Amino acid sequence: MAKSAPNGKRTLTELAEDSGVPARTIRYYIARGVMPPPLVGGRGASYAEEHLERLERIQKLQAQGLTLAQIAWKLGEHPLERQLVEPTAWWNYPVAEDVVVMVRSEMRPWRLKRVRSLISQMAAQLRSAEKEEGGDAR
Amino acid sequence: MPVETETGRFVAVGTESGKPIQLAMQQLWLQGKILPVGARLMVRHVFRSAEAKPLEVVYGFALPRDAALRQFVITGEGFRVRSRLKPTEEAVKEYEAGIQEGHLATLARQYGDGLVNLTVGNIRPGETVVVLLEVLAGVQVLDNGLRFRFPFTLAPSYHIRARTAEVEPGVGEMELPEDEFGDLILPGYQRDAVELHEVGFSLSVRMAQAIAEVSSPSHSVRVKMDGEQRSRVMLAADRDVPDRDLVLDVATRESRAVVLAARAQDIRRRFAAVVPSHAFGETPAAPRQVVFVLDRSGSMQGVPIEQAKRALEACLGALAEDDRFSIIAFDDKVERFDSEMCQGDQHQRARARDFLAAITARGGTELAQAITAAVKLLSQAAGDILILTDGQVFGTERILDEARAGGVRLHCLGIGSASQDRFLTLLARETGGVCRFLTPRERVDLPAVDLFASIGRPLAASLRARVEGTACGQIAPPPASAVFAGMPLVLFGDAAEGEQGRLVIEWENPQPGKLEFSLDPADCGMAETLRLLQGSRLITDLDAQYTVIPGERAMERRDQKRIADRLQTLSEAYGLASRCMSLVAVIERAGDQPGELPKTTVVPVGMPQNVSFAAYFSSSAVSGIMAMPWAPQRSVLLPVSRQGPEAIGSTLEHDGASLFGRASEVLRQTVQCDRTDSVRDPAGVTAPEDLLLDLARKLEPDGGMPGRDDFARFVHSLVAVLAFLIEGHTATAGAFRTHVQRLMRFLETSAFPALAAKDAQAVNEVLAWIKKGPKPSWQTSELLVWNEQEAWERIRQTMGSGRAV
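In order, the protein sequences belong to chains V and A.
Here the numbering used here is used: the first sequence runs in plain steps of one and ends on residue 201.
Here the numbering used here is used: the second sequence runs in plain steps of one and ends on residue 799.
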């Protein structure tokens, strides 16, 4: 989508035209911290090639199902976070004393509900198996 | 919860996040008039900036049914500016240019699904700006009044490509795909709405008939009557929170046809007509084919799904032997009760009950798939589909497309505190069906039975309407093709002034009929309002056909272009916004700072009452923590425990000592539950209605109640029909009218030699008395504890003495 400006600098209107992302959305991205602010403020506010690249990256991440909050975290530029391997969040479901099922927390709620239902069934089956084993042992 | 800051001021803090809350929108106040065929509203938005730099505020909301934006007026210190209606692309450019120049700019833009973004940019630090937005909206017109619904929040809804996350404790975020929804920004969703902007309302009601009552199932209201036909209704408290729709019911004392007409500036007579359904005759008895479609998505969890299931069971009880039915339950998958339509016999109904018992709420809302499956089940047969849903789904234009293509009549029973009323109204109307939308505080089962009683059996079909006696009278939009019990026919149109115009309505089925009304009643003085309400209805209908589907073919794109052009023409003709025309205003002020980038913020709304936050928002990766989601979710809904159906059923079949066995015990338990539960069933379950539902559910295919022998069946049926009459349901009125009709037919046509020999004259007297429809003086609970002999003797004796009447 990128159509580079002669000096690589763009106004907000040009950035919106080149990226296909509406100006209001770009302002919202800046307010949400997923986009850096313009290079220069005021009447001559300008945006660089990096802004255009950032918009492309945001669109790709959105296509992967990430929300702006998740994108803001993923694109966070704190030095410490850069050094670390990206953490992932998981739900931890102990279904028996010695069995734990882990489910990725980013899962869509509708799918998560189904998975939780299956885990509940698994927990019930394990409990029933344990009872039977206990009965056999007696 | 307010806390004192270092500066000594009190500010609101979030109960879950603990962070101070700065409200960009302080207040949303609804004013205006509710009329017999629509509402003309003024919505007051108060924005205030607490930022140190210019602020751009985005407020997202849903349009009510048949609604369109007309204009807004933006006011502040030293300015008052009215919006202009422009093609959307032009309006956006004007808004953006205004922002770039540092001017105060406002844009009201409509998107798919009737969603709107109201954006106010460059509000200065510490400044307060008020936007007064004029909205024309439809109402649900009923035979004896109307229901008005206005959304104070916007429900999160299912979309296969929606992105959702809980961004901080108790705050959800939802984003929709840009290729389908453009730059629409949805609000943030707060589990607790207490700290959000205040909402309220003060509305005038102006009816054409005497008002019996104005009430609300959603809010506490104060009502002040101003003559017989006018009243004023206000929020009883000082303010409320944005977590549910405002729902107002206006009941009139009479139910008769009304024609509102007035002379417009263009020397034409504008009119709107409401013809109550009873003017078209009585519901005919005819076999029907019905597919019940039950929404079992996650957002239905709690009381709605349980009541919907009970309602379906009661509907099954109203099926006759020559009726055919099936059930489809759906979330993001479709589950069929059977691969084909089934006869309404006892075996199939028992199977259906087992099927329903296993249904729980879960998953998404793939309504289009469910409709397709239901249409396929009906195959070539003429039939109806009854959908029970909260309608919480985005991308509704595609669903409407598929529903239209199905060619089957859809009837909708909506359940929810946040409005999807617009969508379900369109879904029913576009397919020739009817729609009712209820709040979770009302019971769902009785209206379902009521709706079911009328579907499949229109009072009038193949209906046409025209204006006669004047050269160029017209009716638009075209009238509904059928009229169903309880739902009046509503028409808009215009005619040349000064001629004796008549509105003529004709229909072919089930019996040909004709009605005529004069178009020259006294001028109601509402010509412009009638014109605008007609326009908003026409725009809504056309907007519902305007789909933006990624990757669509060239031919479809051409079709859509044609719709967009027509939409623009309609918008211009009526002066109303649509998806192709937006409202914009730019205010130049001294001291504007060109090029300064405003901070964009989005107004949050409350999670709709009774919708589980967890149904849409799981914890996000942002927190990066391990969590244990096993902790029980806080729930505001606890179903009232009931033992009614099973207890009554078993007793009817096996207990000869008392007619309805444990019915009185069930009654006592239910009432006790209602009184003692700390968390009350918001549907407001009442015992007599529960008992009636249980009776309805038990109806046999021949229309009689079950029993050991003919005598027992006869007496059980007699008592059941009396119970319905006591609660106000007759063969022609009330939610259980179909059940009463079937019971009456059973009592009239069944042969009971033993009984007839014993007291044939008494049987005839009882039947004749019931046919007259007087309300017996017994209590339902009194009836249901009699044994068979006692019941028969008391009813027979009472007939003689006339005590019961």
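All residues carry an ideal CB built from backbone N, CA and C; glycine is no exception.
Bear in mind that the values here come from a model prediction, so they are computed numbers and not experimental data.
Contact set between residue i and chain V, taken where Cβ atoms lie within less than 7 angstroms
| i | result |
| --- | --- |
| A/Asp177 | Pro85, Arg87 and Thr88 |
| A/Phe611 | Pro172 |
| A/Ala802 | With chain A represented from -5 up to 799, any question about residue 802 of chain A goes unanswered, as that position is not in the structure. |
Within chain A, partners of residue i - CB distance below 7 angstroms
| i | result |
| --- | --- |
| V/Lys176 | Gly292, Arg356 and Gly357 |
| V/Arg106 | Pro588 and Gly589 |
| V/Pro101 | Leu591 |
Cα-Cα separation between residue i and residue j, rounded to whole angstroms
| i | j | result |
| --- | --- | --- |
| A/Phe331 | A/Ala308 | 17 angstroms |
| A/Glu95 | A/Gln587 | 7 angstroms |
| A/Val443 | A/Arg356 | 24 angstroms |
| A/Asp553 | V/Ser183 | 49 angstroms |
| A/Ser652 | A/Val709 | The predicted position of A/Ser652 is uncertain, since its pLDDT is 44 and thus under 50; no value can be drawn from it. |
| A/Pro592 | V/Arg90 | 8 angstroms |
| A/Asn503 | A/Leu453 | 8 angstroms |
| A/Ser154 | A/Val269 | Reading the sequence as shown, one finds Ile at residue 154 of chain A and not Ser. Their backbone Cα atoms lie some 41 angstroms apart in a straight line. |
| A/Gln25 | V/Asp81 | 43 angstroms |
| A/Ala714 | A/Leu741 | 11 angstroms |
| A/Thr122 | A/Glu491 | 47 angstroms |
| A/Ala641 | A/Gly529 | Any reading at A/Ala641 needs caution, since the residue's pLDDT is 27, under 50, leaving its predicted position unreliable; the model's value is listed next. Those two C-alpha atoms are separated by around 54 angstroms. |
| A/Glu396 | A/Leu372 | 15 angstroms |
| A/Glu186 | A/Val235 | According to the sequence provided, residue 186 of chain A is Asp. The question's Glu does not apply to it. Computed Cα separation, rounded: 9 angstroms. |
| A/Gly139 | A/Tyr152 | 33 angstroms |
| A/Met335 | A/Gly400 | 17 angstroms |
| A/Met620 | A/Asp326 | Below a pLDDT of 50, predicted positions are generally treated as unreliable, and A/Met620, at 26, falls in that range; no measurement from the model is reported. |
| A/Leu79 | A/Thr390 | 26 angstroms |
| A/Met36 | A/Asp220 | 21 angstroms |
| V/Glu77 | A/Tyr610 | 37 angstroms |
| A/Val215 | A/Met201 | 18 angstroms |
| A/Val208 | A/Lys218 | 9 angstroms |
| A/Ser658 | A/Arg430 | Note on A/Ser658: pLDDT 40, under 50, position unreliable in the model; the coordinate value appears next. Their Cα atoms are separated by approximately 32 angstroms. |
| A/Val193 | A/Phe41 | 13 angstroms |
Beta-carbon neighbours of residue i, restricted to chain A and to distances below 8 angstroms
| i | result |
| --- | --- |
| V/Leu131 | Glu167 and Glu169 |
| V/Tyr110 | Result: empty, since nearest Cβ-Cβ is about 11 angstroms, beyond 8 angstroms. |
Chain-ordered chain V contacts of residue i [CB-CB under 9 angstroms]
| i | result |
| --- | --- |
| A/Asp326 | Trp173, Arg174 and Arg177 |
| A/Thr113 | Arg87 |
Partners in chain A for residue i, counting only beta-carbon separations shorter than 9 angstroms
| i | result |
| --- | --- |
| V/Ile93 | Leu591, Lys593 and Thr594 |
| V/Ser180 | Thr354 and Arg356 |
| V/Gln125 | Arg157, Glu169, Pro171 and Glu172 |
Below 8 angstroms, can you find three or more Cβ-Cβ pairs linking the segment 110 to 127 of chain A to the segment 33 to 49 of chain A? Contact holds: three or more Cβ-Cβ distances are below 8 angstroms.
Listed in chain order, which residues of the segment 144 to 157 of chain A have Cβ atoms closer than 7 angstroms to some Cβ of chain V? Arg157
With 9 angstroms as the limit, tell me which residues of the segment 588 to 608 of chain A have their beta carbon closer than that to any beta carbon of chain V; keep them in chain order. Pro588, Gly589, Glu590, Leu591, Pro592, Lys593, Thr594, Thr595, Val596 and Ala608
Going along the segment 90 to 105 of chain A in order, which residues come within less than 8 angstroms of chain V, judged by CB to CB distance? Taking 8 angstroms as the Cβ-Cβ cut-off against chain V, the residues of the segment 90 to 105 of chain A that qualify are Glu90, Ile93 and Gln94.
Against chain V, which members of the segment 45 to 64 of chain A pass a CB distance test of less than 9 angstroms? Glu50 and Val52
Are the segment 85 to 104 of chain A and the segment 24 to 32 of chain A touching by the rule of at least three beta carbon pairs closer than 8 angstroms? no
Taking contact to mean at least 3 C-beta pairs separated by less than 8 angstroms, is the segment 570 to 586 of chain A in contact with the segment 529 to 544 of chain A? In the pairwise beta carbon analysis, the segment 570 to 586 of chain A is classified as touching the segment 529 to 544 of chain A: at least three pairs are separated by under 8 angstroms.
Counting Cβ pairs, one atom from each stretch, are 3 or more of them under 8 angstroms apart for the segment 292 to 311 of chain A and the segment 435 to 442 of chain A? yes
Does the segment 225 to 232 of chain A come close enough to the segment 178 to 185 of chain A that 3 or more CB-CB pairs lie under 8 angstroms? no
I want to know whether the segment 62 to 79 of chain A touches the segment 377 to 384 of chain A - three or more CB-CB distances under 8 angstroms. The segment 62 to 79 of chain A vs the segment 377 to 384 of chain A: no contact.
contact_flag[the segment 398 to 418 of chain A, the segment 312 to 322 of chain A] where n(CB pairs < 8 angstroms) is 3 or more: no
Whole runs of the beta strand (DSSP E) within the segment 256 to 322 of chain A, excluding any shorter than 3 residues: 262 to 269 and 283 to 289
Do the segment 179 to 193 of chain V and the segment 154 to 162 of chain V make contact, defined as three or more Cβ pairs closer than 8 angstroms? The answer is yes - the segment 154 to 162 of chain V touches the segment 179 to 193 of chain V, with three or more Cβ pairs under 8 angstroms.
Cβ pair count under 8 angstroms reaching 3, the segment 92 to 106 of chain A against the segment 162 to 180 of chain A: yes
Could you give the uninterrupted runs of the beta strand (DSSP E) lying entirely in the segment 384 to 420 of chain A, keeping only those of 3 residues or more? 403 to 409
Between the segment 242 to 256 of chain A and the segment 157 to 167 of chain A, do three or more beta carbon pairs fall short of 8 angstroms? no
Beta strand (DSSP E) segments (min. 3 residues) lying fully within the segment 459 to 511 of chain A: If only complete runs of 3 or more residues are kept, the segment 459 to 511 of chain A shows the beta strand (DSSP E) at 483 to 490 and 496 to 501, in order along the chain.
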